[in-house]
Each structure stands twice: as structure tokens, then as C-alpha cells.
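Peer 1: In order, the protein sequences belong to chains A and B. Following this note's numbering, the numbering of the first sequence begins with 52 at its first residue and continues without gaps. Following this note's numbering, the numbering of the second sequence begins with 1189 at its first residue and continues without gaps. Ideal Cβ placement from N, Cα and C applies to all residues, glycine included.
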Amino acid sequence: DAKTTQPPSMDCAEGRAANLPCNHSTISGNEYVYWYRQIHSQGPQYIIHGLKNNETNEMASLIITEDRKSSTLILPHATLRDTAVYYCIVRVLGGSNYKLTFGKGTLLTVNP
Amino acid sequence: GAVVSQHPSWVICKSGTSVKIECRSLDFQATTMFWYRQFPKQSLMLMATSNEGSKATYEQGVEKDKFLINHASLTLSTLTVTSAHPEDSSFYICSASGLAGRTQYFGPGTRLLVL
């Protein structure tokens, strides 16, 4: 799986949009971009994933650049409960490689 | 949907005893389950992958005789830490995937403290 690069930490004001960047310059054509988050002392929570088109669900939006070398996770109206470590992971969907390789992620702190 | 539970949520045991952790997929059938370990201030590390009815595949450096994994049904996998020692104290997290290679959903984790 391709390696990702994320800033170690970010701050966001409550109610504002949180934009979390991820670089994955070596991503392959069949690799998806996945985002998970881990709130302190809990298991990771799936947020969203995409291949090349922008995706949106009830939690967030995922914007993937046209060359697919980077992406941004957007939490439109951050709340205090969104404070967590956010992991950007690229992996093949299906096939024999099921692994998720977690890096260090971005610690997002939402401030009141 | 896609709810995964773990039991117990935390456990304290004496050194040398064995501890069993259960992972259940509550609203879907999990053909593949994964076990991770997370030490304080570190990221998740995959320990093993198990497919229902098959032997688990362990990551390099993980002792298969110490961390016994059983995936006997499409909704249940168990991890048994045998002869636990204080260095096995960690946060153990399972995840489940409904179809091979699809999105993994994680349990809430089990915190193990070995005295």
C-alpha cells in the first residue's frame, strides 16, 4: 500500500470547517483513499473512502485531487466531539491484500 | 449498520494466566476479522488476520502460540492471550470486514492490564 503523509496536529474552532490534508503521491491506480478517526481510548471509526471522485456522507466530505496525489477530508461544522486522531490510509479494495496500515495520523483538536 | 462489539472492555489479570477477548459483528457477517494492538501514544499495529473457518495469518514478530485466534463463525472471533506477562498489557482492537477486502469496521477495544 502507498504511504501517506499527514500533519501531526491541527486546531479548529468549534462550528468552523475542519480541513485535514493528506499526501499520497505514490498512490496506484487501483488504490482507494480511506479515512478513519480514533477518539481517545476508543476503536477507530470509519469515516469515508473514495477512488477518484469526490465523496460526501453524513459525517464528512472527501476531496481527491485530479492527479490523486493528495486528498482533503472536510468536516463541515466541527464540534468538540470531533477531537480525535484522523488517519488517512490508501489501500486496494478487494483482492488478497486486506491490510490497513495505520500511520501516526493527524490529531485534530476542536476548540470552543 | 456495521456494528462490531468486543468483550470485555477491560480486564486485569495476574501474570501467567490466560485471557480471552471476544469480537462480534452484530449486524453483518464477517468473512474476515483482524486483531490489532495499540500501545500508549502509538498507532495501531496489525497482529493477525483471520478468515472464518481458516487458520489465522500472523504478522511478522507476533507469536502465534501466545496469541491464539479462533474465527469459528461469521460473527465471532476470539483472541486468547496465553500466559500473559506485564509486557502484554495493551489496548487490543478487533475489526471485521463483510466481504473480502472491503471496508473494515472496528470494535471499541479491550484494555488489558497484566499485573
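Please check the pair B/L1232 and A/P58, which I expect to be a contact at CB under 8 angstroms, by giving their CB distance rounded to whole angstroms.
Peer 2: Contact doesn't hold; Cβ gap of about 19 angstroms is too wide.
Peer 1: In chain order, what are the residue ranges of uninterrupted beta strand (DSSP E) at least 3 long that sit wholly in the stretch 86–120 of chain A?
Peer 2: The stretch 86–120 of chain A contains these whole beta strand (DSSP E) runs: 96–101 and 112–115.
Peer 1: Quick one: what's A/R132 bridged to in DSSP?
Peer 2: In DSSP, A/R132 forms no bridge with anything.
Peer 1: From the DSSP secondary-structure annotation, give me the bridge partner or partners of A/N162.
Peer 2: A/A64
Peer 1: Contact criterion: CB-CB distance below 8 angstroms. Does B/G1249 meet it with respect to chain A?
Peer 2: no
Peer 1: Anything in chain A within Cβ reach of B/Y1293, meaning under 8 angstroms, just list it in chain order.
Peer 2: Y97, listed in chain order.
Peer 1: DSSP three-state call for B/E1251: helix, strand or coil?
Peer 2: coil
Peer 1: Is B/I1281 close to chain A? Criterion is C-beta to C-beta, closer than 8 angstroms.
Peer 2: yes
Peer 1: Between A/A68, A/S60 and A/S92, which lies nearest to A/L113 when the distance is taken from Cα to Cα?
Peer 2: Per the Cα distances, A/A68.
Peer 1: Checking the sheet assignment: what are the DSSP bridge partners for B/F1222?
Peer 2: B/T1237 and B/S1283
Peer 1: Classify B/P1274 as helix, strand or coil using the three-state DSSP reduction.
Peer 2: helix
Peer 1: Can you list, in chain order, the residues of its chain whose CB lies under 8 angstroms from that of B/G1241, leaving out five sequence neighbours each side?
Peer 2: H1259 and A1260
Peer 1: Measuring CB to CB, does A/L158 end up less than 8 angstroms from A/E65?
Peer 2: Cβ atoms of A/L158 and A/E65: not closer than 8 angstroms.
Peer 1: Take A/N105 and list the residues in its own chain whose beta-carbon comes closer than 8 angstroms to its own, dropping the five residues that flank it on each side.
Peer 2: S112, L113, I114 and I115
Peer 1: Less than 8 angstroms between CB atoms is the rule here; does B/G1286 satisfy it with respect to chain A?
Peer 2: no
Peer 1: Going by other Cβ atoms of all chains shown within 10 Å of its Cβ, with 16 needed for buried, is B/G1204 buried or exposed?
Peer 2: Burial call: exposed.
Peer 1: Counting along the chain, where does the beta strand (DSSP E) carrying B/S1195 start and finish?
Peer 2: Per the sequence presented here, residue 1195 of chain B reads as His, with Ser not at that position. Element bounds for B/H1195: V1192 to H1195.
Peer 1: For B/E1247 versus B/A1236, is the C-beta spacing smaller than 8 angstroms?
Peer 2: yes
Peer 1: Name the chain B residues whose beta carbon is nearer than 7 angstroms to that of A/L151?
Peer 2: Q1292
Peer 1: Measure from the C-beta of A/K155 to each C-beta in chain B and report whether the shortest distance is under 8 angstroms.
Peer 2: yes
Peer 1: Shorter than 8 angstroms from the beta carbon of A/Q93 to some beta carbon of chain B?
Peer 2: yes
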